[in-house]
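Engineer: My questions will all concern the structure given below.
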Amino acid sequence: MPTRETRLLVTAHTGCGEAPANTWASLMEAAATGADVAELDIRVTCKDEPVLLHDHSLLLELYDARELNRMAARARLGPPHREHGLVLLADVLEEAKRRGLMLNLDIKNGESVNPTLRLVKELQAERLVFVTGCTEGIEVDTEGMSLLLNVPESADAASNKGATGAVDAAQNAAVNTAAEDAFIRSVCQRAKRQGYRGVNVPYERCSPDFVACAHALGLIVSVYTVDDADAMRSLMEMKVDSITTKRPEQLLRLRKVDERHEA
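Spelled out as C-alpha cells, the structure:
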C-alpha cells in the first residue's frame, strides 16, 4: 500500500444498515453501499478463534464458535444473536478477498490481538486490513497490514474552570493550546517511531493541525465516527484519508461531488 491514500476512503461502520452490528447481514449491507472499507469489532473464543463481537462475554471463555452457534445460550452474547449466528473472522476475510473489500478490524482487547493478526497472515489478507483498537503486545510480523494507532479521546490538558477573568481565560486558553500541540506531536511521533501506518482519531480530536502533523510524518489519518454532512465536508477539506461513518451512502455522495469539483 502507498504511504498515503490517493482518495478519501469511505469506511462503513458495522451496523450502518438495518441489520445488527457484527452480523453477516450487516457485512453484506456495508458491502452493498459501495464503501471502500467495512469496520468490524473483533474478540476471540476460548480456542483463539477471532469472531465478530463488540462486548465481552464469559461465554467466549467457555465455548468455541461452533459450540456457541449450536446452543440456545448464544442469545446471551446479545439480543442480535437470538437470530444471527456468531460470525468467524476467517469467513469474513475470505469474503473480503473475493469482493476486494477492505476491512477495519477494531480489536477489542489484548487477548484478541495476536490470534487476529495470525489469521490475517494465514489467509494472506494483509493488504486488505486496517488494524485499530487494541494494538499492544504484537508478536506477529505485520508487514503488509496497516496498523493505526488509536488516539485517546482526551488529553491531560490544563483546565480553564478556574478562570476568573479575561486575562486568566486567555492564559488558560494559551496553555491548553500548547498542551494540545504537544499532545499531537507526541502521538504522531510515537506512531511513526513504532511503525504504525497512521493514526485513528476520534472526530472531536481531529483538527487541521493534527492532520498536518501526521501527514508531515507520512502517516495517514483515519477519523471516526462521523455521520453529520457538515462534519464530513470539514474533514474532507482537512484532507483526512479515511472517515468511518454509519451513513456511508451520504459520504460517498459527498466524495463524488468533491472529486467533480477538483476535476
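In this text, residue positions in the sequence shown follow UniProt numbering: the first is 1, and each later residue adds one. Even for Gly, the Cβ is constructed at its ideal location relative to N, Cα and C. Being a predicted model, the structure only gives us computed values, none of them experimental.
1) Going by other Cβ atoms of all chains shown within 10 Å of its Cβ, with 16 needed for buried, is Val37 buried or exposed?
2) Can you look up Pro79 in the DSSP assignment and give me helix, strand or coil?
3) Please work out which residues of its chain come closer than 7 Å, Cβ to Cβ, to Val140, disregarding the five sequence neighbours upstream and downstream, and give them in chain order.
4) Count the CB pairs spanning the region 26-33 and the region 57-71 that are closer than 8 Å, and state whether there are at least three.
5) Relative to the C-alpha of residue 264, which residue among Leu53, Met28, Leu93, Val92 is closest?
6) Starting from the C-beta of Lys246, find all residues in its chain whose C-beta is less than 6 Å away, skip the five residues before and the five after it, and write them out in chain order.
7) Mapping DSSP to helix, strand and coil, what is Glu204?
8) Give me the Cα-Cα distance between Val240 and Ile42, rounded to the nearest whole angstrom.
9) Sort out for me which residues DSSP pairs Glu39 with in a bridge.
10) Could you give the uninterrupted runs of the beta strand (DSSP E) lying entirely in the region 46-97, keeping only those of 3 residues or more?
11) Using the beta-carbon count (16 or more within 10 Å), is Arg82 buried or exposed?
Structural biologist: In brief:
1) The residue in question, Val37, is buried, as its Cβ has 16 or more Cβ neighbours within 10 Å.
2) Correct three-state label for Pro79: helix.
3) So the list reads Asn114, Leu117, Arg118, Lys121, once near-sequence residues are dropped.
4) With a cut-off of 8 Å on Cβ pairs, the region 26-33 is not in contact with the region 57-71, counting fewer than three such pairs.
5) Only positions 1 to 263 of the chain appear in this structure, which leaves residue 264 out of reach.
6) When the five nearest sequence neighbours on each side are left out, the beta carbons in the same chain lying within less than 6 Å of the beta carbon of Lys246 are those of His13, Cys16, Asp227, in order along the chain.
7) Here Glu204 sits in helix by DSSP.
8) Whole-angstrom Cα-Cα distance: 25 Å.
9) The partner list for Glu39 (beta bridge, DSSP) reads Asn104.
10) Within the region 46-97, the complete beta strand (DSSP E) runs of at least 3 residues are 50-52.
11) With fewer than 16 Cβ atoms within 10 Å of its Cβ, Arg82 is classed as exposed.
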